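Notes follow the structure.
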Amino acid sequence: MKKRFLSIILTVGVMAMAVTGCGGNSSSADKGNGDGTSAAGNSELTGTITLAGSTSMEKLCEAMSESFMSEYPGITVTAEYTGSGAGLESLAAGSVDIGNASRHLKDDETAGGAVENVVAIDGIAVITNKENKVKDISKEDLAKVYSGDIDNWSKLEGKDEAIVVIGREAGSGTRDGFEELLDVKDKCKYAQELDSTGAVLAKVASTPGAIGYVSLDVVDDSVSALTVDGAEASEENILSGSYILSRPFVMATKGEIDKQSDLVKTWFDYVKSDAGKDVISKVGLIIPE
Amino acid sequence: MKRKAVIEKIALIILMICAVLSIFAVCSITVYMFMKGTPALSKVGVHKLLFGTVWKPTAESASYGILYIILSSIVGTGMTLLIGVPVGLMTAVFLSEIAGKRIAAVLSSAVELLAAIPSVIYGLIGMMVLNPWMYKLEKIIFSNSKEHQFTGGANMLSAIIVLAIMILPTVISVSVSSLKGVTASLRSASLALGATEIQTIFKVVIPAAKSGILTGVVLGIGRALGEAVAINMVAGGSVNIPLPFNSVRTLTTQIVSEMGYANGLHRQVLFTVGLVLYIFIMIVNYILLRARKKGVENE
Chain A
48 MKKRFLSIIL
58 TVGVMAMAVT
68 GCGGNSSSAD
78 KGNGDGTSAA
88 GNSELTGTIT
98 LAGSTSMEKL
108 CEAMSESFMS
118 EYPGITVTAE
128 YTGSGAGLES
138 LAAGSVDIGN
148 ASRHLKDDET
158 AGGAVENVVA
168 IDGIAVITNK
178 ENKVKDISKE
188 DLAKVYSGDI
198 DNWSKLEGKD
208 EAIVVIGREA
218 GSGTRDGFEE
228 LLDVKDKCKY
238 AQELDSTGAV
248 LAKVASTPGA
258 IGYVSLDVVD
268 DSVSALTVDG
278 AEASEENILS
288 GSYILSRPFV
298 MATKGEIDKQ
308 SDLVKTWFDY
318 VKSDAGKDVI
328 SKVGLIIPE
Chain B
79 MKRKAVIEKI
89 ALIILMICAV
99 LSIFAVCSIT
109 VYMFMKGTPA
119 LSKVGVHKLL
129 FGTVWKPTAE
139 SASYGILYII
149 LSSIVGTGMT
159 LLIGVPVGLM
169 TAVFLSEIAG
179 KRIAAVLSSA
189 VELLAAIPSV
199 IYGLIGMMVL
209 NPWMYKLEKI
219 IFSNSKEHQF
229 TGGANMLSAI
239 IVLAIMILPT
249 VISVSVSSLK
259 GVTASLRSAS
269 LALGATEIQT
279 IFKVVIPAAK
289 SGILTGVVLG
299 IGRALGEAVA
309 INMVAGGSVN
319 IPLPFNSVRT
329 LTTQIVSEMG
339 YANGLHRQVL
349 FTVGLVLYIF
359 IMIVNYILLR
369 ARKKGVENE
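As you go down the protein sequences, you meet chains A and B in turn.
Take the position in the first sequence, starting the count at 1, then add 47; the result is the number in the working numbering.
Take the position in the second sequence, starting the count at 1, then add 78; the result is the number in the working numbering.
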């Protein structure tokens with residue numbers, strides 16, 4: 048008995064560790080609920096909405112479903128994080144209601160009936176130490192810096208200083224997105240792999256010659272953000288498409304949203320409501336126009 | 079009379095329950111670690127996992143080689159001992175044999191304070207003070223190197239220095255008590271035979287206190303091997319060959335940094351990493367047990 052009890056404690060402990068990454072979400076969910084307009088009359092809808100797909104969207108989905116479920120207690124939202132491709136396959140097979148993808152849908156996927164609903168946009172900023180004189184970098188050069196082909200700022204018209212390549216740990220959504228956008232997936236040669244956004248900011252701020260990437264919303268004046276291909280990392284540039292380090296978070300459905308079940312329609316209504324938008328901005332994402 | 083007997087009985091039962099609880103804790107942790115850590119071994123393959131050198135858990139064709147991570151832990155701990163043990167032992171000798179009462183009092187309270195500082199503070203100072211120094215040193219040493227990847231000072235050497243300071247209190251306090259335990263007659267005999275004070279310390283007292291000192295060293299190994307927070311902050315965290323100026327990842331930091339977002343097989347492999355660490359700690363404790371037993375036999 049005791050053995051079991053202890054292993055339960057252990058399990059709970061490990062699970063607690065597992066969810067710490069999403070720790071920031073609970074507050075945003077609470078906030079989202081507070082901002083919700085309709086408090087009564089939500090209880091008549093019951094059922095389950097199933098989502099599957101991109102691991103990068105875990106933070107968003109967890110926060111959104113938590114907030115959604117407290118608004119609609121009768122509805123259960125279950126999300127699995129199997130990867131964008133796998134999620135869309137599940138959608139095509141009809142085993143889930145919504146397929147999550149952290150990229151635009153491919154032609155063969157839309158041909159299969161999947162409809163792209165962009166719910167949020169993820170922007171990634173490239174940051175350098177304050178002392179660094181380099182202000183702009185091209186997409187190609189950035190990829191070369193991260194794959195180790197360019198190792199000195201002098202090759203980028205900066206001063207003679209080694210580039211200290213800083214990134215996130217394997218499994219991080221930001222790393223996943225960054226490597227995907229630059230097409231350097233698993234080719235990166237990191238000098239430091241840090242396990243939080245804050246650590247990346249602190250290291251870049253304290254190390255001359257460092258370069259790192261973080262979510263757009265956390266950039267502060269302890270570091271300088273590079274312009275990529277001449278475009279400044281800002282919401283406007285991401286929405287207009289001139290800043291390339293961004294990717295859509297898609298919740299794909301089979302057929303248009305208005306052809307979906309009431310449950311799924313309610314979900315998308317909520318995502319697009321003020322409360323939903325609040326959740327999106329709380330997890331550091333940009334709301335699509 | 080009867081009441082007394084009942085109280086005795088109850089007290090015995092409470093003591094027993096407490097003792098049993100800790101045994102069950104150890105047993106269930108062991109069982110849990112083996113249950114969670116072994117599946118990945120068979121899924122990835124023992125050889126590929128333990129002796130693979132490529133750690134790319136999220137790649138299309140994922141690779142889960144943790145050899146460099148294991149080596150970083152072993153080499154890091156070994157180097158830590160190389161620095162920490164001599165310094166710790168000499169401090170202990172000074173404390174117990176040479177220092178006057180007042181200096182000894184100041185020194186031993188400083189050592190106690192060193193032991194009480196939380197590891198995150200060590201990490202913080204390492205990150206803010208040691209890493210920038212290391213980066214300067216790195217720039218000088220590798221100024222002409224083409225292959226070296228600059229790490230910004232977050233490297234294994236930083237981790238070793240931080241760890242060496244962290245194991246000092248353990249080594250010192252255990253060594254001091256064993257040095258003090260050496261009987262005065264041994265010292266007197268040595269001095270009477272014409273040996274100098276230093277000769278007496280190194281040829282008589284230290285050998286006599288050997289097993290106690292060894293215990294301190296083994297406890298130091300345990301601390302160095304199990305430390306996570308401080309290393310995570312100073313060692314850089316990329317999986318590399320454990321060379322002094324390379325950014326490295328140890329068994330502990332591997333789990334700490336990737337558990338948050340890992341899933342599927344990646345997650346299971348992290349449990350295997352935990353199992354490997356656990357086995358290392360078990361080996362260290364076994365050695366400790368042997369060392370203590372031997373110490374008892376010698377006395």
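Even glycine gets a Cβ: it sits at the ideal position worked out from N, Cα and C.
On a predicted model such as this, the values are computed, not experimentally measured, just so you know.
CA-CA distance, residue i and residue j?
{"i": "LEU286 (chain A)", "j": "GLU336 (chain A)", "result": "7 Å"}
{"i": "ALA356 (chain A)", "j": "LEU208 (chain B)", "result": "Examination of residue 356 (chain A) is not possible in this model, given that chain A is present from 48 through 336 alone."}
{"i": "ILE334 (chain A)", "j": "THR300 (chain A)", "result": "19 Å"}
{"i": "ALA209 (chain A)", "j": "PHE112 (chain B)", "result": "44 Å"}
{"i": "VAL260 (chain B)", "j": "SER174 (chain B)", "result": "11 Å"}
{"i": "THR84 (chain A)", "j": "SER320 (chain A)", "result": "Interpretation of THR84 (chain A) is limited by its pLDDT of 43, a score under 50 that renders its predicted location unreliable; no figure is taken from the coordinates."}
{"i": "LEU93 (chain B)", "j": "ILE359 (chain B)", "result": "28 Å"}
{"i": "THR248 (chain B)", "j": "GLY298 (chain B)", "result": "6 Å"}
{"i": "GLY338 (chain B)", "j": "ALA83 (chain B)", "result": "54 Å"}
{"i": "LYS126 (chain B)", "j": "SER335 (chain B)", "result": "22 Å"}
{"i": "SER281 (chain A)", "j": "TYR290 (chain A)", "result": "8 Å"}
{"i": "TYR119 (chain A)", "j": "GLY130 (chain A)", "result": "27 Å"}
{"i": "THR254 (chain A)", "j": "GLN346 (chain B)", "result": "34 Å"}
{"i": "GLY154 (chain B)", "j": "LYS121 (chain B)", "result": "29 Å"}
{"i": "SER194 (chain A)", "j": "ILE199 (chain B)", "result": "34 Å"}
{"i": "MET205 (chain B)", "j": "TYR260 (chain A)", "result": "19 Å"}
{"i": "TRP200 (chain A)", "j": "ILE161 (chain B)", "result": "36 Å"}
{"i": "SER253 (chain B)", "j": "PRO164 (chain B)", "result": "11 Å"}
{"i": "LEU185 (chain B)", "j": "LEU215 (chain B)", "result": "31 Å"}
{"i": "LEU321 (chain B)", "j": "ALA126 (chain A)", "result": "42 Å"}
{"i": "GLY81 (chain A)", "j": "SER114 (chain A)", "result": "With a pLDDT of 39 at GLY81 (chain A), under the threshold of 50, the predicted position of this residue should be treated as unreliable, though the coordinate-derived value follows. Between GLY81 (chain A) and SER114 (chain A), the C-alpha separation is close to 9 Å."}
For a test of the three-state rule: what should DSSP assign to residue i, helix, strand or coil?
{"i": "PRO335 (chain A)", "result": "coil"}
{"i": "ILE88 (chain B)", "result": "helix"}
{"i": "ALA252 (chain A)", "result": "helix"}
{"i": "LYS202 (chain A)", "result": "helix"}
{"i": "PRO164 (chain B)", "result": "helix"}
{"i": "VAL173 (chain A)", "result": "strand"}
{"i": "ASN80 (chain A)", "result": "Note on ASN80 (chain A): pLDDT 41, under 50, position unreliable in the model; the coordinate value appears next. In the structure shown, ASN80 (chain A) sits in a helix (DSSP, three-state: H, G or I)."}
{"i": "GLU240 (chain A)", "result": "strand"}
{"i": "ARG345 (chain B)", "result": "helix"}
{"i": "ALA217 (chain A)", "result": "coil"}
{"i": "THR157 (chain A)", "result": "helix"}
{"i": "ALA257 (chain A)", "result": "strand"}
{"i": "ASN147 (chain A)", "result": "strand"}
{"i": "ILE168 (chain A)", "result": "strand"}
{"i": "LYS234 (chain A)", "result": "coil"}
{"i": "SER137 (chain A)", "result": "helix"}
{"i": "THR274 (chain A)", "result": "strand"}
{"i": "ALA280 (chain A)", "result": "coil"}
{"i": "ALA83 (chain B)", "result": "helix"}
{"i": "SER150 (chain B)", "result": "helix"}
{"i": "SER269 (chain A)", "result": "coil"}
{"i": "ALA209 (chain A)", "result": "strand"}
Check whether the Cβ atoms of residue i and residue j sit closer than 8 Å, and answer yes or no.
{"i": "SER271 (chain A)", "j": "THR244 (chain A)", "result": "no"}
{"i": "GLU128 (chain A)", "j": "THR93 (chain A)", "result": "In the sequence under discussion, the amino acid at residue 128 (chain A) is Tyr, which differs from the Glu named in the question. It is not a contact, given that the beta carbons lie outside the stated cut-off."}
{"i": "PRO306 (chain B)", "j": "VAL326 (chain B)", "result": "The question names Pro, but residue 306 (chain B) is Ala in the sequence shown. Not a contact, by the Cβ cut-off of 8 Å."}
{"i": "VAL318 (chain A)", "j": "MET111 (chain A)", "result": "yes"}
{"i": "VAL266 (chain A)", "j": "GLU163 (chain A)", "result": "no"}
{"i": "SER289 (chain B)", "j": "MET244 (chain B)", "result": "no"}
{"i": "ILE144 (chain B)", "j": "LEU128 (chain B)", "result": "yes"}
{"i": "GLY146 (chain A)", "j": "LEU138 (chain A)", "result": "yes"}
{"i": "LEU292 (chain A)", "j": "SER269 (chain A)", "result": "no"}
{"i": "SER185 (chain A)", "j": "ARG294 (chain A)", "result": "no"}
{"i": "THR136 (chain B)", "j": "GLY218 (chain A)", "result": "yes"}
{"i": "GLU156 (chain A)", "j": "LEU135 (chain A)", "result": "yes"}
Output the boundary residues of the alpha helix (DSSP H) element that contains residue i.
{"i": "GLN307 (chain A)", "result": "Here GLN307 (chain A) belongs to no alpha helix (DSSP H), and DSSP marks it neither H nor E."}
{"i": "ILE144 (chain B)", "result": "Per DSSP, ILE144 (chain B) belongs to no alpha helix (DSSP H) and is neither H nor E."}
{"i": "VAL192 (chain A)", "result": "186-194"}
{"i": "THR328 (chain B)", "result": "No alpha helix (DSSP H) contains THR328 (chain B), which DSSP labels as neither H nor E."}
{"i": "SER293 (chain A)", "result": "From DSSP, SER293 (chain A) is part of no alpha helix (DSSP H) but of the beta strand (DSSP E) over 293-301."}
{"i": "LYS289 (chain A)", "result": "The sequence shown places Ser at residue 289 (chain A), rather than the Lys named in the question. Taken as a continuous stretch (DSSP letters only), SER289 (chain A) belongs to no alpha helix (DSSP H), as it is neither H nor E."}
In the DSSP assignment, the beta strand (DSSP E) including residue i goes from what residue to what residue?
{"i": "LYS182 (chain A)", "result": "Looking at the DSSP string, LYS182 (chain A) is not in any beta strand (DSSP E), and its letter there is neither H nor E."}
Checklist entry - Where in the region 254-322 of chain B do unbroken runs of the alpha helix (DSSP H), each at least 4 residues long, occur, reported from the N-terminal end onward? => result 262-270, 275-278, 288-304 and 307-312
Checklist entry - In the region 176-260 of chain B, which residue ranges form an unbroken alpha helix (DSSP H) of at least 4 residues, counting only runs that do not cross its ends? => result 179-194, 197-203, 209-219 and 234-258
Item to check | Sequence ranges, alpha helix (DSSP H) only - wholly within the region 95-138 of chain B, length at least 4 | outcome: Whole alpha helix (DSSP H) segments, 4+ residues: 124-129.
Item to check | Secondary structure, beta strand (DSSP E): runs of 3+ residues fully inside the region 96-129 of chain A | outcome: 122-128
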